[in-house]
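**Student:**
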Amino acid sequence: MPTDECSRPSTTVSAPNTTSRRAFVSAAGAGATLGLAGCLGGDEDDTIKVGFVFATSGPYSLLGESHINGFQLRIDEELGGELDGREVEYVQRDTGGDPETGVTIAEEFIQSEDVDFLVGPVSGAVAFAMEPIVGQYEDEVVWLSTNSANNDLSYARGEYQTRNMFLGYQAWQLAAATGEWVYDNLGETAALSYADYAAGIEYTEDFQDGYEEAGGEVLGDVAMPLGEDDYSPYLSTIEDTDAEVVWSFFAGADAVNYIRDFHEFGLDEEMTQAGAAFLLSADTLEAQGEAAEGKYSSSIYTLDYESETNDEFKSSYESAYDTDPNIYAVLSYDGAQMMETAVEETGGVNPPELIEAMEGMELDSPRGPFEMDPDLHVPVHDVHMREVQMDDDGEPYNEVVDTIESVRPPW
Amino acid sequence: MSEKSIPTDRAATKSDGVLGKRGKYGLLTLGILAVIIGPIVDVIDPFWFRLLVNVLVFALFAASLDLVFGYTGLPSFGHAAMFGAGGYAAALLLLNGFASALVVLPIAILVTIFISVIIGWISARTKDLYFSFITLAFAQILFIAAFIDLPARILSPDRITRGDDGLVGVPAYDLGVTLTDPMYYYFFTLVVVAAGVYTIIAVANSPFGRVLRGIHENEERMRAIGYNVTNYKVLAFTISGALTGLAGALYVPHSSVAHPNLFHWLVSGELVIIVLVGGMGSIWGPMVAAGLFVYLEHVLSAFANWLLILGLIYVVFVIFVPDGLSELLKRAVRNPRDVPNNAKRSIKSYINSVRYR
Amino acid sequence: MSVQATLLGLQIAMAYFLIVAGLVIIYGMMDVINVAHGSLYMLGAYIGLTLYDVVGNFFVILVVAPLLVGIIAAGLETLTIRPLYGRHPLYHILLTLGLALIIEEVVKIVWGVDTHRIPTPEVLSGQIVVGSVNFPRYRLFVIGISLLVAVAMYLVFTRTKFGIIMRASSSDAEMVDALGMDVSKVYTAVFVAGSMLAAFAGVLMGVTNAVTPTMGIDIIIIAFAILVIGGAGSLLGVVISSLIVGMLVAYVSLFAPAMSELIIYLLMAAVLIVKPSGLLGE
């Protein structure tokens with residue numbers, strides 16, 4: 050029944066068929082604003098519609114903006130806003146990082162806007178909340194969850210799974226997979242410090258698993274409230290463990306404050322600081338300044354990673370937005386590349402076909418080449434181990450000191 | 327709370343309590359309109375139809391808050407506590423095999439009554455700003471408890487509130503038929519919300535409600551006459567809290583998520599704004615404002631920097647529409663021709679007020 | 016007792032005090048619940064950041080940024096708060112929440128959403144030995160300068176004509192009138208002074224805390240909690256409650272990190288149960 054194509058999937062309300070619904074609406078002159086245009090013919094559309102479900106206000110706004118920039122850089126700047134001869138259109142709403150809002154927006158984009166692709170969100174909590182809802186529309190939309198890092202969201206794992214969801218990366222890849230490297234290179238005993246929320250807990254547990262498996266010993270851990278301004282009161286607990294390494298999960302302003310406090314209280318001189326990407330990344334380094342020097346992090350993207358693709362990407366991003374790209378921009382840039390390749394390959398926007406095309410897809414990304422795992426719907430990519438060094442102007446940057454190749458979660 | 331400047335339609339209050347006969351008919355008309363409009367909106371756009379459920383839920387929330395806030399004069403900044411408690415209670419039951427609305431809703435209400443009595447009983451000793459902040463403190467305590475999954479940390483290593491991931495995939499109620507169909511859920515919500523609003527109006531217009539009004543106008547006098555003011559306040563807070571919990575229990579299965587944000591002070595704050603914009607103490611004004619807010623915020627959120635627009639709306643509104651929507655609409659209905667004059671007058675008085683003498 | 020935790024508690028307390036000091040004079044004298052206070056704190060940090068790029072001297076911006084925020088505050092007060100005099104204090108919440116949203120969004124448009132930090136001034140970087148522990152020099156500076164501000168505020172209120180008029184306006188606006196003063200000018204002055212304190216705190220804390228568009232909204236509820244615990248309107252009460260909260264946060268962070276945020280709200284509830292108008296409220 051064609052009705053299902055553009056309204057909710059499984060309702061029993063008898064409704065007039067699609068065309069007459071549309072006729073009614075356009076007669077009322079409301080068609081344009083309500084965005085029902087996509088309903089008419091599925092594959093014969095002459096536009097491809099993308100819905101951005103990102104936070105553009107609140108603490109996640111930098112991430113949301115970067116994602117949207119990265120995506121539009123590929124489609125609008127580099128491809129002239131067209132894919133396979135069709136114009137790409139966007140709709141966008143601010144989730145504010147709130148799961149209920151995220152669900153509402155996802156429903157609107159699918160039901161009313163008839164988007165072909167959902168891109169977002171930033172927050173794992175929002176992705177979790179959207180998952181059962183978007184999961185009901187597997188034949189209508191492809192979901193590029195270009196940021197969310199929760200392990201449980203990968204297809205074929207855990208209780209949440211939607212086949213039409215493709216993820217940017219996994220907590221496991223940045224944490225557990227680096228445990229052995231940290232043990233071999235930085236120290237045999239570690240303390241853990243992290244922001245006390247779902248992502249912080251997951252990353253830290255993953256790291257602990259990987260580190261202990263490699264033979265390392267964890268001597269203590271401190272969970273600190275998310276959004277804390279002042280980390281100094283917690284530092285003595287870390288110091289008292291006498292561990293060689295401190296492994297941490299903080300992001301954004303938290304990462305800036307934590308690293309600066311760590312440095313200010315002289316803990317640098319006693320232990321080596323390491324952590325997941327966000328602790329020391331392009332969006333935090335400027336504010337962290339010299340406090341970041343000599344600290345390690347794992348990431349899938351490094352601004353100074355040397356490759357032709359990355360150089361081109363960087364100059365293209367800079368000329369479009371007048372600023373350096375960050376990991377979030379890359380993730381959605383790659384999401385756009387996946388969409389581009391899949392649309393060209395299948396010659397349409399039929400979600401089951403697109404999903405099939407994306408499974409096992411190989412991409413040349415600014416982060417380095419990677420493959421989309423056909424079972425997990427997660428990229429199998431290299432993890433860079435970086436150390437922060439100071440350039441000639443005294444500005445910190447990440448130097449890739451080692452690469453863990455083709456990291457795939459073990460489930 | 328000084329009474330000097332609280333806008334009240336005292337003459338009307340004295341004669342027929344909250345909502346005169348006309349107001350009641352007005353509300354009834356709105357209800358009937360909701361019955362007709364729902365299916366029509368659904369045909370036009372199923373998503374905008376789904377938002378109508380949010381409108382109903384927040385209308386009930388706003389009316390409940392207004393009963394204590396505008397009507398009794400207790401400026402609660404912590405009503406999110408009850409909204410979240412009702413929502414979480416419903417989510418936990420629905421996710422654990424209890425599907426019947428006849429079981430889940432009463433339990434959710436009982437849970438919020440329990441919480442409201444505690445918060446109300448402790449908070450009723452304080453006044454004004456202090457009342458606002460002690461209620462806010464309780465809501466923030468619940469927010470943090472849900473956010474770090476304090477119940478699980480205390481009771482067992484398992485997850486209970488699931489921290490900031492929240493409880494997701496909350497199924498709809500069952501009522502003989504399952505209410506997964508948005509049309510069913512809409513009418514179910516409409517009936518429950520109508521019953522809730524009816525309760526609020528009945529309470530406001532009862533002898534008990536007149537005592538609450540008396541407390542608002544002059545607490546000392548009521549005490550002198552011999553009323554146990556504190557008990558009245560606690561009871562009013564509990565009734566309001568229970569209905570707020572009911573709104574939460576309707577909201578969560580609809581959005582399918584129970585997240586700590588339900589408890590957040592920004593939720594309480596937004597509802598306070600809705601009550602102020604709608605017109606304190608009128609009950610219907612805040613309900614209308616709730617509907618406007620649900621749609622306005624959704625429409626605005628498509629724009630970059632949309633909070634700027636929202637902020638401007640707050641500022642302009644509070645300066646130029648001091649008594650809230652309810653008074654504005656009343657005046658406009660009573661004397662439609664005066665509308666341009668009134669507008670001119672308020673602009674003039676604004677200009678006068680910003681000038682130095 | 017840990018020397019380090021005690022020093023930290025003191026430093027956290029003094030940082031809170033600087034933020035709340037502005038709130039307390041605005042609420043105490045004008046009866047305005049200023050939700051936008053956190054946003055002026057943030058604005059101070061951002062203006063300081065930009066000035067720093069121009070001037071390059073921390074101590075200059077510590078003085079100039081508050082002055083610029085003071086000018087903005089004068090405009091806000093005149094155009095938006097003044098028309099609301101005599102209205103119920105609840106309406107100020109609606110108004111100032113609107114102002115807070117506007118300021119935050121304007122900051123995002125002007126400065127973007129990146130995270131920044133004001134560099135630690137050279138003379139105040141590094142650590143010095145205090146008793147048995149090393150303590151960052153800059154944080155000792157924060158303690159010192161905040162104490163100075165507290166003393167200065169006390170002197171202004173009790174010893175100067177300006178302070179006397181300000182206090183008179185809170186207890187009896189008519190008396191100010193009788194003195195031949197324009198109450199609305201006094202109110203503007205109070206609001207400007209409070210906002211300058213917020214901006215001063217913003218610059219000072221922009222060195223130890225990340226400067227982001229959300230730093231204002233993040234701090235405002237805790238600031239109000241401290242105000243209420245101390246007894247709104249009481250300067251001494253706020254000093255005491257800042258100290259209690261600062262110490263509590265420092266020690267709880269050490270022994271039960273998960274509780275360090277919760278403890279502030281528990282304390283507020285506990286204080287209001289025992290003393291419904293705050294520690295030194297009337």
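Residue numbers (our numbering), protein chains in the order written: chain A, 50 to 460; chain B, 327 to 683; chain C, 16 to 297. All residues carry an ideal CB built from backbone N, CA and C; glycine is no exception.
(1) From the DSSP output, read off the bridge partner residues of residue 239/A.
(2) Got a sec? Which residues, its chain only, sit under 7 Å from residue 433/B by beta carbon, not counting five neighbours each side?
(3) Interface residues of chain A around residue 68/C at Cβ under 8 Å?
(4) Would the stretch 403-413 of chain B count as touching the stretch 569-580 of chain B if we require 3 or more Cβ pairs under 8 Å?
(5) For residue 362/B, is the classification buried or exposed, using 16 other Cβ atoms within 10 angstroms of its Cβ as the cut-off for buried?
(6) By Cβ distance, which residues of its chain are closer than 7 Å to residue 225/A, with the 5 residues on each side in sequence left out?
(7) Just the chain A side, please: which residues come within less than 8 Å of residue 454/B by C-beta, in chain order?
(8) In or out: residue 765/B buried (at least 16 other Cβ within 10 Å) or exposed?
(9) Run down chain B in chain order and give the residues with a C-beta less than 7 Å from the C-beta of residue 251/C.
(10) For the ligand NAP, is there any heavy atom lying closer than 7 Å to the beta carbon of residue 28/C?
(11) With a Cβ-Cβ cutoff of 8 Å, do residue 245/A and residue 587/B count as a contact?
(12) Which one or two residues does DSSP pair with residue 142/A in a beta bridge?
(13) If we count the other Cβ atoms within 10 Å of its Cβ and call it buried at 16 or more, is residue 345/A buried or exposed?
(14) Any beta carbon from chain C within less than 8 Å of residue 111/A's own beta carbon?
(15) What residue range is occupied by the uninterrupted alpha helix (DSSP H) comprising residue 428/A?
(16) Tell me, please, which residues DSSP counts as bridged to residue 501/B.
(17) If I follow the unbroken beta strand (DSSP E) through residue 446/A, where does it start and stop?
(18) Tell me which residues of the stretch 461-478 of chain B have at least one Cβ-Cβ distance to chain A shorter than 9 Å, keeping chain order.
(19) CA-CA distance, residue 38/C and residue 85/C?
(20) Give, in chain order, every residue of the stretch 633-660 of chain B whose Cβ lies closer than 8 Å to some Cβ of chain C.
(21) Mapping DSSP to helix, strand and coil, what is residue 468/A?
(22) Have a look at 615/B, 662/B, 672/B and flag the residue whose alpha-carbon is nearest the alpha-carbon of residue 652/B.
(23) Is the distance from the Cβ of residue 399/B to the Cβ of residue 541/B below 8 Å?
(24) Could you check how far apart the C-beta atoms of residue 214/C and residue 59/C are, in whole angstroms? I think they sit under 8 Å.
(25) Short of 6 Å in beta carbon distance, which residues of its chain neighbour residue 664/B, apart from the five on each side in sequence? Order them along the chain.
(26) If you measure from the beta carbon of residue 582/B to each beta carbon in chain A, is any gap under 8 Å?
(27) With 7 Å as the limit, tell me which residues of the stretch 128-148 of chain C have their beta carbon closer than that to any beta carbon of chain A; keep them in chain order.
(28) Quick check: the stretch 268-279 of chain A against the stretch 88-108 of chain C, are at least 3 beta-carbon pairs closer than 8 Å?
(29) Between which two residues does the alpha helix (DSSP H) harbouring residue 167/C extend?
(30) Kindly say whether residue 679/B, judged by its beta-carbon, lies nearer than 8 Å to any beta-carbon of chain C.
(31) Would the beta-carbon of residue 333/A fall within 8 Å of that of residue 130/C?
(32) Would residue 116/A pass as a contact of residue 412/A if the rule is Cβ separation under 8 Å?
(33) Do we get a CB-CB distance below 8 Å when we pair residue 511/B with the residues of chain C?
(34) Quick one: Cα of residue 346/B to Cα of residue 657/B, how far?
(35) How is residue 345/A classed by DSSP in three states: helix, strand or coil?
(36) Express the C-alpha separation of residue 139/C and residue 317/C in angstroms, rounding to a whole number.
**Tutor:** Judging by the given coordinates:
(1) Walking along the first sequence from the start, residue 239/A turns up at place 190. According to DSSP, which records beta bridges pairwise, residue 239/A is partnered with 267/A, 294/A.
(2) Position 107 of the second sequence, counted from the start, is the residue given in the question as residue 433/B. Hits under 7 Å: 415, 419.
(3) Against the third sequence, residue 68/C aligns to sequence position 53. By Cβ distance, chain A contributes nothing, its closest Cβ being about 12 Å from residue 68/C, past 8 Å.
(4) Here the stretch 403-413 of chain B lies against the stretch 569-580 of chain B, with 3 or more beta-carbon pairs under 8 Å apart.
(5) Indexing the second sequence from 1 puts residue 362/B at position 36. Around the beta carbon of residue 362/B, fewer than 16 other beta carbons sit within 10 angstroms, so the residue counts as exposed.
(6) Your numbering for residue 225/A matches position 176 in the first sequence. Contacts found: 255, 256, 258, 259.
(7) For the purposes of this step, residue 454/B is identified with residue 128 of the second sequence, where counting begins at 1. Within chain A, no residue has its beta carbon less than 8 Å from that of residue 454/B; the closest one is some 29 Å off.
(8) The shown model of chain B, from 327 to 683, leaves out residue 765/B, and the question about it has no answer.
(9) As a first step, residue 251/C is located in the third sequence; it is residue number 236 there, counting from the start. The premise fails here: residue 251/C is roughly 18 Å from chain B at the closest Cβ pair, so nothing lies under 7 Å.
(10) The model depicted lacks the ligand NAP and carries no ligand whatsoever.
(11) Within the first sequence, numbered from 1, the residue matching residue 245/A stands at position 196. Within the second sequence, numbered from 1, the residue matching residue 587/B stands at position 261. In this structure, residue 245/A lies away from residue 587/B, with their beta-carbon atoms at least 8 Å apart.
(12) As a position in the first sequence, residue 142/A is number 93, starting the count at 1. Answer is 102/A, bridged to residue 142/A.
(13) As a position in the first sequence, residue 345/A is number 296, starting the count at 1. Result: buried.
(14) What you label residue 111/A is simply residue 62 of the first sequence in a count that begins at 1. Output row for residue 111/A: interface = yes.
(15) Here the question's residue 428/A lines up with position 379 in the first sequence. Looking at the DSSP string, residue 428/A is not in any alpha helix (DSSP H); the run it does join, the beta strand (DSSP E), is 428-439.
(16) The count along the second sequence starts at 1 and reaches residue 501/B at position 175. Residue 501/B pairs with 503/B.
(17) Working through the first sequence from its first residue, we reach residue 446/A at position 397. Per DSSP, the unbroken beta strand (DSSP E) holding residue 446/A starts and ends at 445-456.
(18) Residues 470, 473, 474.
(19) Walking along the third sequence from the start, residue 38/C turns up at place 23. Walking along the third sequence from the start, residue 85/C turns up at place 70. Computed Cα separation, rounded: 14 Å.
(20) Residues 633, 634, 636, 637, 638, 639, 640, 641, 643, 644, 645, 648.
(21) With chain A covering only 50 through 460, there is no way to say anything about residue 468/A.
(22) Here residue 652/B refers to the residue found at position 326 when the second sequence is read from its first residue. Relative to residue 652/B, the option among 615/B, 662/B, 672/B whose CA is nearest is 615/B.
(23) As a working mapping, residue 399/B is identified with position 73 in the second sequence. As a working mapping, residue 541/B is identified with position 215 in the second sequence. Yes, Cβ-Cβ distance for residue 399/B and residue 541/B is below 8 Å.
(24) Within the third sequence, residue 214/C is the residue found at index 199, counting from 1. Within the third sequence, residue 59/C is the residue found at index 44, counting from 1. At roughly 3 Å, the Cβ-Cβ gap stays under 8 Å, so residue 214/C and residue 59/C are in contact.
(25) Looking up residue 664/B in the second sequence gives position 338. Cβ neighbours of residue 664/B beyond the five flanking positions: none.
(26) By one-based count along the second sequence, residue 582/B stands at place 256. Answer yes: the Cβ-Cβ gap between residue 582/B and chain A drops below 8 Å somewhere.
(27) Flagged, chain order: 128, 129, 130, 131, 132, 134, 142.
(28) The stretch 88-108 of chain C vs the stretch 268-279 of chain A: no contact.
(29) The sequence position of residue 167/C within the third sequence is 152, counting from 1. Residue 167/C -> alpha helix (DSSP H) spans 152-174.
(30) As a first step, residue 679/B is located in the second sequence; it is residue number 353 there, counting from the start. In terms of beta-carbon proximity, residue 679/B lines the interface with chain C, with at least one pair separated by less than 8 Å.
(31) If you number the first sequence from 1, residue 333/A lands on position 284. If you number the third sequence from 1, residue 130/C lands on position 115. Yes; because the gap between Cβ atoms is below 8 Å, this pair is in contact.
(32) Here residue 116/A refers to the residue found at position 67 of the first sequence. Here residue 412/A refers to the residue found at position 363 of the first sequence. Going by C-beta atoms, residue 116/A is not nearer than 8 Å to residue 412/A.
(33) Sequence index remark: in the second sequence, residue 511/B carries index 185 (1-based). No, because no Cβ of chain C sits closer than 8 Å to the Cβ of residue 511/B.
(34) Against the second sequence, residue 346/B aligns to sequence position 20. Against the second sequence, residue 657/B aligns to sequence position 331. Taken atom to atom, the span from the alpha-carbon of residue 346/B to that of residue 657/B is near 15 Å.
(35) In the first sequence, counting from the first residue as 1, residue 345/A sits at position 296. Residue 345/A: strand per DSSP, three-state reduction.
(36) This structure gives no information on residue 317/C, because the portion of chain C shown stretches from 16 to 297.
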